[in-house]
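Report on the following structure.
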Amino acid sequence: MKDIPYYQLSSGRQFRIFSLEEHSGKKFPHRHDFYEILWARAGSGRHLIDFQEYSLSSRTIFFIKPGQINKFISDEIAGYVVEFNEEFFHQEPQDRLILAKFNQFHTIELSHRDEIVIGTLLDLIRDEYIAEDHNLRLVRTYLKALVINLSRALKKLPEPSAHDSDSERVANVKSLLEENFRARKNVIFYAESLHLSPKRLNEILKLKIGKTMTELIHSRLALEARRELAFSQLSVKEIAIRLGFQDPAYFSRFFKRTTGLYPQDYRQRQSD
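Sequential numbering of the sequence shown, starting at 1, is according to UniProt numbering.
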């Protein structure tokens with residue numbers, strides 16, 4: 001049985017920044033339990049995130065969420081990698097909404113001005129972090145400025161309102177889903193956790209993201225199944241059990257219904 005390598009921040013550490021040159025050794029699919037921002041200031045290469053391959057350039061920045069499969073391919077490149085967990089970033093209720101803006105985006109295209117601002121902020125973060133008398137509060141402030149500037153660079157989404165309770169509920173339910181999708185597959189659990197009726201939860205989700213809670217659950221399960229089938233050597237039965245399906249045959253039918261292929265066929269297609 002060969003599993004997908006899973007990386008965590010060192011014990012007690014919530015944040016770090018280092019050069020992209022140090023990161024270039026991970027030329028195999030892996031995942032981690034923290035957020036990662038990656039920017040190539042100079043050089044070229046490729047970056048695989050889940051099932052999409054991207055070219056590295058100074059005009060593109062990558063925002064990788066916990067659990068995503070990624071693979072870095074490059075020989076000579078310069079830039080930064082920033083790693084942080086939710087505990088480090090989340091100090092105010094609004095912080096979760098800021099990170100939630102990146103749920104549907106892996107890459108952010110930068111204008112020339114964006115590139116200068118982002119580069120300056122990353123330099124400030126690095127210089128403060130490596131200083132002998134560094135102040136993590138200041139590092140966090142610079143990090144938030146970086147993430148807010150990246151969210152503005154998206155240009156596709158409005159800034160979240162501090163009083164938009166429905167957006168906050170969507171962010172909360174996505175966080176709940178990430179923690180529970182393997183064990184909790186019923187809408188009632190998520191609705192009750194947010195003190196809503198299932199009907200009201202579905203109304204909010206349809207309005208905000210165009211999906212019902214059931215569709216969100218199924219989509220998240222299918223994504224994880226695709227990751228395991230494509231990047232691990234676990235058997236279909238092992239993957240089914242890992243995702244909370246006691247009956248591998250039912251898991252196969254579920255996968256066929258959501259992706260159009262049976263698990264074995266999907267794995268074979270990925271290896272061709």
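Each residue gets a CB set at the ideal place from its N, CA and C atoms; glycine is no exception.
Source: prediction; values computed, not measured.
Which residues DSSP lists as bridging residue i, in chain order
i	result
residue 47	54 and 72
residue 80	19 and 39
residue 63	37
Separation of residue j from residue i, as counted between CA atoms
i	j	result
residue 12	residue 35	16 Å
residue 139	residue 98	17 Å
residue 194	residue 74	44 Å
residue 46	residue 77	11 Å
residue 21	residue 236	37 Å
residue 130	residue 136	11 Å
residue 190	residue 154	29 Å
residue 41	residue 56	9 Å
residue 192	residue 205	15 Å
residue 264	residue 121	46 Å
residue 185	residue 72	33 Å
residue 148	residue 209	21 Å
Three-way DSSP call (helix, strand, coil) for residue i in this model
i	result
residue 41	strand
residue 34	coil
residue 228	helix
residue 108	strand
residue 7	strand
residue 120	helix
residue 259	helix
residue 86	helix
residue 115	helix
residue 247	coil
residue 233	coil
residue 218	helix
residue 135	coil
Cβ-Cβ distance between residue i and residue j below 8 Å
i	j	result
residue 106	residue 62	yes
residue 83	residue 9	yes
Neighbourhood of residue i by C-beta distance below 7 Å, restricted to the same chain and skipping five residues each side
i	result
residue 231	4, 29 and 69
residue 59	109, 110 and 115
residue 90	96
Any non-hydrogen atom of the ligand FMN within 7 Å of residue i CB
i	result
residue 238	Summarising the ligand content, the structure contains no ligands, and the ligand FMN is consequently not present.
Contacting residues, own chain, Cβ-Cβ under 6 Å from residue i (five flanking each side not counted)
i	result
residue 88	14 and 15
residue 227	69
residue 245	251
residue 183	244
8 Å Cβ shell around residue i - same chain, five flanking residues per side excluded
i	result
residue 178	66, 67 and 220
residue 188	198
Any chain C beta carbon closer than 8 Å to residue i
i	result
residue 214	As a matter of chain content, chain C is missing from the structure shown, which is built from one protein chain.
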